[in-house]
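When the letters of the sequence shown are read in order and numbered with our numbering, they come out as residues -7 to 216.
The beta carbon of each residue, even a glycine, is placed where N, CA and C say it ideally should be.
Beneath this line is the structure, given in structure tokens, with notes to follow.
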Amino acid sequence: MAKNKQESTGDRFRRLTQALTAILLCGVSAQAADIADHVVIAEVLPHPADGQAVFVELYNPTNEELTLDDYYLRSNLEHDYPALSGSIPAYGFYLIATAEEDWPDGWADPDLTAPQLELDPYSGGVALLDGSDTLDMLGWGVSPYFYETTPCNIPNQGESFERKSGSSHDDGEGNGYDTDNNIFDFHVRSDPEPQNTYSDTERPPMSADEATWGFIKDLYGPQR
Ligand SMILES: [Ca+2]
Ligand SMILES: [Ca+2]
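In structure tokens, the structure reads:
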């Protein structure tokens, strides 16, 4: 005859813990998978207001400094496109301006000036290449040269497109969210914030590994 085994409080707690861990890791993995593992286009101001200037800002969501020697930006199929140089810090930024004059006081200085980069203020796009590999694209308006899945809307003058930090945006957590759909991955900033290689770095939302360790420490307390 089968014994009716009573589940102990310890067993129940263990099962509950396992279930909670699984739920937590599923959620965190989905979030971490949407953070790019390469340099991305982080913020673009295609249609500056008076007193502003056109810029393209890049972000490095990885934990290592990356050299930009083979990196290029393209905004148009016919024009020459500028080669980048130098490097971008881990969790840091790199700023490209299209003109040397009229750069606003109070904005971070551009790391590179690239007059051959022509951004259309109404319907345009920009692509980031590493050698012949296209790493990332952002487009806006109607039928731009470059975009991912669905372009962003036509920008209002003075508003930038900023890549989000995650499925919801947190200003201090970088700009690494990349599902390859521009309309979901970017939001509009009414106060553009160009950041350069000297700007404070911003870590993307925590990785699955960090989340697992945090959860285990919370569960068992600090090691003695
Ligand atoms: Ca992308
Ligand atoms: Ca920015």
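Sixteen is the threshold: since fewer than 16 other Cβ atoms of the shown chains lie within 10 Å of the Cβ of P96, the residue is exposed.
With respect to the 8 Å criterion, E49 and A25 are not classified as neighbours on the basis of their beta carbons. Collapsing the DSSP output to three states places I146 in coil. Counting only runs of 3 or more residues that sit fully inside the segment 54 to 94, the beta strand (DSSP E) segments are 63 to 66, 85 to 89, in chain order. Counting along the chain, I33 sits inside the beta strand (DSSP E) bounded by residues 32 to 37. Secondary structure note for D177: its alpha helix (DSSP H) is the uninterrupted segment 174 to 177.
Burial state of A28 is buried, judged by a 10 Å Cβ sphere holding 16 or more other Cβ atoms.
Taking one beta carbon from each stretch, the segment 182 to 190 and the segment 54 to 72 have fewer than 3 pairs nearer than 8 Å; the two do not touch.
Cβ contact annotation for A75 (same chain, cutoff 6 Å, sequence separation greater than five): Y64, in chain order. Under the three-state reduction of DSSP, A25 is assigned to helix.
A direct Cα-to-Cα measurement between L60 and L130 gives close to 19 Å.
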